[in-house]
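Visitor:
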Amino acid sequence: MKIVFLDQANREFSDAVQYYDSQEPGLGQRFEDEIERAIHWLSINPEACARRRGIYRRMNLRVFPYYIPYVIREQTLWVVAIAQSQRRPEYWIRRAKTLD
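Here is the structure:
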């Protein structure tokens, strides 16, 4: 399965890595590693996470308070956001709807 990050998701990913690195050396790398493991797992099991609102699916990270909302279209998994769990819920939903 092809994996594509929306531009906004890429920025959120980079921002989170920088934030965690500023908090503790090496923490940004651990965050990046967890995202990469999650994306790899999703590439193998794209439909394992339940649909929400009939539009998107969501995978929660295990260690960090983030989740990955994504949309599957044909043979592509679109990463809509790298979303912080405590942030305004579904702030990124318009992005998902553009893929519908």
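The numbering of the sequence shown is the numbering used here, which starts it at 44 and goes up by one. We put the beta carbon where it would ideally sit given N, CA and C, even for glycine.
Measure the C-alpha to C-alpha separation of Gly97 and Trp84 and round it to an integer number of angstroms.
Guide: Within the sequence shown, the letter at position 54 stands for residue 97. Within the sequence shown, the letter at position 41 stands for residue 84. A direct Cα-to-Cα measurement between Gly97 and Trp84 gives close to 21 Å.
Visitor: Regarding Val60 and the ligand GTP, is the C-beta to nearest heavy atom distance less than 7 Å?
Guide: The ligand content of the structure shown is nil, which means the ligand GTP is not present either.
Visitor: Of the choices Asp76, Gly69 and Val123, whose alpha-carbon is the least far from that of Val47?
Guide: For the purposes of this step, residue 47 is identified with residue 4 of the sequence shown, where counting begins at 1. If we check each option's Cα against that of Val47, Val123 comes out closest.
Visitor: Can you check which of these residues, Gln51, Ala93 and Asp76, is closest to Phe107 by C-alpha distance?
Guide: Within the sequence shown, numbered from 1, the residue matching residue 107 stands at position 64. The shortest C-alpha separation from Phe107 is found at Asp76.
Visitor: Tell me the DSSP secondary structure of Tyr99 in three-state form.
Guide: In the sequence shown, the residue the question calls residue 99 occupies position 56. Reduced to three states, the DSSP call for Tyr99 is strand.
Visitor: Can you tell me whether Ile87 is buried or exposed, with buried defined as 16 or more other CB within 10 angstroms of its CB?
Guide: Position 44 of the sequence shown holds residue 87. It is exposed - the Cβ of Ile87 has fewer than 16 other Cβ atoms within 10 Å.
Visitor: Let me know the secondary structure DSSP gives Ala59 once reduced to three states.
Guide: The residue given as residue 59 occupies position 16 in the sequence shown. DSSP places Ala59 in helix when its eight states are reduced to three.
Visitor: To the nearest angstrom, how far is the alpha carbon of Leu49 from that of Glu67?
Guide: Locating residue 49 in the sequence shown gives position 6, where the first residue counts as 1. Locating residue 67 in the sequence shown gives position 24, where the first residue counts as 1. If you take the alpha carbons of Leu49 and Glu67, they lie about 27 Å apart.
Visitor: Considering only C-alpha positions, which residue in the set Ile78, Ser65, Trp135 and Ile115 is nearest to Ala91?
Guide: In the sequence shown, counting from the first residue as 1, residue 91 sits at position 48. Out of Ile78, Ser65, Trp135 and Ile115, Ile115 has the C-alpha closest to the C-alpha of Ala91.
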